[in-house]
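Student: One structure follows; several queries about it will come next.
In my numbering, the protein residues as written are 101 to 669.
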């Protein structure tokens, strides 16, 4: 709507009374027509001003979301191989009733009957590690079911580029295991079984590129440690057994081989290590012969009511240990039930001799109680032992005992029937010990035809370990001993083992076995030093557990010779 303007038509002043006051009449209103104001001329229309363009608001750029922190990748657990897996693989290789190995034998022999008779095909298991390798549980490779093994026994090889730690027992040929996890299956008194048993090859610092499974990398420090320590200071150190009956045992290391000594012990209780082969029990020994020899039934580890087995063994596997640096053992400590050391073991504590207690002239017997053995390394059934150290050989004990019995003709005490004379002897294996530097302490018990102890440095003294021997202890039976060193030779003893007064054997009230002479008619010993002296110290352990050396301990071989630039005493 247009605005209307009111305008006065003339300029005549309206009559009025001027300023009014209260009570004075107002002036008359103005006169004249009222004229409408002409329409105003429309001015130019201004274009509407566009509002300023507001620049669009830039949306803030969202900050990138932080990537979630990845959870740490768990370290993968080391793979674990169980003996049940090994047993299954071996059984699959051999086949039912040895069908697979029989087929292989026929194919390889090519129809040659002579070759077929000599050919043996056995399963082999090789476990390799580019780092370290640990035997973290007991392995008993005896069949998990009763009955003889099907096919030949396996060869088990453990090869580690790093250290090999045998902290648990490895065993075959003894008392069949109820299962792969039966901890009772490996015990010191497990009975040796008839038949073949597995062989073991155990290597630390291995050269995996070599065809020889026992090859090691020269100059490496990686080695082999056997054993584990007691769980507490009050406990007896556990026993770790590396053993077989007829199988061989070979241990090799680029660095040290430590039989318990590389472990962190509790109060000096470093562990108990026993490495041995027994052989299999000898068949067809009539109980009457055993009884006439004076062996009481309770004194036998193996007793058989059928009379087919006796306490003697044959066909034991060989043992070899080869260290690029030191080969170290432990004194043969005996522990009381409290877990405290009570002394050291001596040969007669486990190598038992017996004459007939009622009629001493009626027979005698010698046999090994491997269940009582606690002296390092042994072959009880004729196996050879070879020890090599690239540097020192320290406090190592090794034994190759003989066994057997002899009874003269006589009469049965009940029937008065005549009884024939019988003698059966099983010689021990050879013993060969060499060190590129020194032989320090130790015990070397030879029951075979030959024994050798050699060192480029000295043969003397002891390591300073508690209960270690004052100097190396040497034993012989019908043995030719050779001892030689570049430097001094000091022997703690050179003794006929059968001449020692025995430890108490069997039941508590049984008599001690007396010295037995006449079993070493061809014994000899040659003791030489290239640049030093030779001394026979007559120094035996004062803490031997039950043995009494007696007068027989000073009997040396008839064929004893010795000498060196520094003299011999």
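For glycine and all other residues, C-beta sits at the position ideal for the given N, C-alpha and C.
Quick caveat, the model's predicted, so the values are computed rather than measured.
Could you give the distance in angstroms between the alpha-carbon of residue 554 and the alpha-carbon of residue 486?
Tutor: For residue 554 and residue 486, the distance between alpha carbons rounds to 12 Å.
Student: On the criterion of 16 or more Cβ atoms from any shown chain inside 10 Å, does residue 511 qualify as buried, or is it exposed?
Tutor: Burial call: exposed.
Student: If we count Cβ pairs, one from each stretch, closer than 8 Å, do we get three or more for the segment 545-562 versus the segment 505-523?
Tutor: No contact exists between the segment 545-562 and the segment 505-523.
Student: Just verifying my parser: in three-state terms, what is the DSSP assignment at residue 445?
Tutor: Of the three classes helix, strand and coil, the one that applies to residue 445 here is coil, per DSSP.
Student: For residue 503 versus residue 413, is the C-beta spacing smaller than 9 Å?
Tutor: Yes, the Cβ-Cβ distance between residue 503 and residue 413 is below 9 Å.
Student: Work out the CA separation of residue 580 and residue 621 for me, nearest whole Å.
Tutor: Distance between the alpha carbons of residue 621 and residue 580 is about 11 Å.
Student: Go ahead and label residue 261 buried or exposed: buried means 16 or more other beta carbons lie within 10 angstroms of its beta carbon, across all protein chains shown.
Tutor: Per the 10 Å Cβ criterion, buried.
Student: Taking the beta carbon of residue 106 as the centre, do at least 16 other beta carbons fall within 10 Å, making it buried, or is it exposed?
Tutor: Caution applies to residue 106, whose pLDDT of 32 falls short of 50 and renders its modelled position unreliable; the value that the coordinates give is listed next. Label assigned to residue 106: exposed.
Student: Return the Cβ separation of residue 273 and residue 297 in integer angstroms, given the expectation that the two are a contact with Cβ distance under 8 Å.
Tutor: Going by Cβ atoms, the distance from residue 273 to residue 297 rounds to 3 Å, so yes, they are a contact pair.
Student: Since residue 589 and residue 627 are thought to touch, with beta carbons under 8 Å apart, how far apart are those beta carbons, to the nearest angstrom?
Tutor: Going by Cβ atoms, the distance from residue 589 to residue 627 rounds to 6 Å, so yes, they are a contact pair.
Student: Could you pull the start and end residues of the alpha helix (DSSP H) that residue 194 belongs to?
Tutor: Looking at the DSSP string, the run of the alpha helix (DSSP H) that includes residue 194 is 183-194.
Student: DSSP three-state call for residue 208: helix, strand or coil?
Tutor: Note: residue 208 maps to helix in three-state DSSP.
Student: Does the beta-carbon of residue 235 have 16 or more other beta-carbons within 10 angstroms, so that it is buried, or is it exposed?
Tutor: Result: buried.
Student: Kindly give me the distance between the Cβ atoms of residue 547 and residue 573, rounded to whole angstroms, as I take these residues to be in contact under 8 Å.
Tutor: At roughly 14 Å, the Cβ-Cβ gap does not stay under 8 Å, so residue 547 and residue 573 are not in contact.
Student: Assign residue 714 to one of three DSSP states: helix, strand, or coil.
Tutor: This structure cannot settle anything about residue 714, because the visible part of the chain is limited to 101 through 669.
Student: Measuring only the C-alpha atoms, how far is residue 231 from residue 498?
Tutor: Approximately 31 Å, taken between the alpha carbons.
Student: Mind checking residue 507: buried by the 16 CB within 10 Å criterion, or exposed?
Tutor: Flag for residue 507 reads buried.
Student: Going by the CB atoms, is the gap between residue 378 and residue 345 shorter than 9 Å?
Tutor: Yes, the Cβ-Cβ distance between residue 345 and residue 378 is below 9 Å.
Student: Measure the beta-carbon distance from residue 586 to residue 633 and round it to whole angstroms, keeping in mind my assumption that it falls under 8 Å.
Tutor: Residue 586 to residue 633, Cβ: 12 Å. No contact.
Student: Taking the alpha carbon of residue 577 as the point to measure from, which residue in 535, 500 and 570 has its own alpha carbon closest?
Tutor: Ranking 535, 500 and 570 by Cα distance to residue 577 puts 500 first.
Student: Under three-state DSSP, which class holds residue 662?
Tutor: Here residue 662 sits in strand by DSSP.
Student: Note down the Cα distance separating residue 252 from residue 189, rounded to an integer number of angstroms.
Tutor: Those two C-alpha atoms are separated by around 13 Å.
Student: Taking all protein chains shown into account, decide if residue 565 is buried (16 or more other Cβ within 10 angstroms of its Cβ) or exposed.
Tutor: Buried, since its Cβ has 16 or more Cβ neighbours within 10 Å.
Student: CA-CA distance, residue 312 and residue 624?
Tutor: Approximately 37 Å between the Cα atoms of the pair.
Student: Using DSSP bridges, identify the partner residues of residue 523.
Tutor: Its beta-bridge partners are 506.
Student: Mind checking whether residue 470 and residue 353 have CB atoms under 9 Å apart?
Tutor: No, the pair does not count as a contact, with Cβ atoms beyond the cut-off.
Student: Taking all protein chains shown into account, do 16 or more other C-beta atoms lie within 10 angstroms of the C-beta of residue 454, making it buried, or fewer, making it exposed?
Tutor: Classification for residue 454: buried.
Student: So, helix, strand or coil for residue 308, using DSSP?
Tutor: DSSP places residue 308 in coil when its eight states are reduced to three.
Student: Consult DSSP for residue 317 and reduce its assignment to one of helix, strand or coil.
Tutor: The answer is coil: DSSP assigns residue 317 none of H, G, I, E or B.
Student: Suppose the cutoff is 6 Å on Cβ atoms and the five residues either side in sequence are ignored; what does the same chain contact list for residue 442 look like?
Tutor: The residues are 434 and 436.
Student: Applying the criterion that 16 or more other CB atoms from any shown protein chain within 10 Å of the CB defines a buried residue, is residue 226 buried or exposed?
Tutor: By the neighbour-count rule (16 or more Cβ atoms within 10 Å), residue 226 is not buried but exposed.
Student: Would you decide whether residue 218 is buried or exposed? Buried here means 16 or more other CB atoms lie within 10 Å of its CB.
Tutor: It is exposed - the Cβ of residue 218 has fewer than 16 other Cβ atoms within 10 Å.
Student: Determine whether the beta carbon atoms of residue 183 and residue 240 lie at a separation below 9 Å.
Tutor: In this structure, residue 240 lies closer than 9 Å to residue 183 by Cβ.
Student: Restricting to Cα atoms, I'd like to know which of 631, 629, 264 and 598 is closest to residue 616.
Tutor: Minimum Cα distance to residue 616 is reached at 598.
Student: Using the three-state DSSP reduction, which class does residue 216 fall into: helix, strand or coil?
Tutor: In this structure, residue 216 counts as helix in the three-state DSSP scheme.
Student: Nearest to residue 358 by CA position, among 196, 340 and 347, is which residue?
Tutor: The candidate whose alpha carbon is nearest that of residue 358 is 340.
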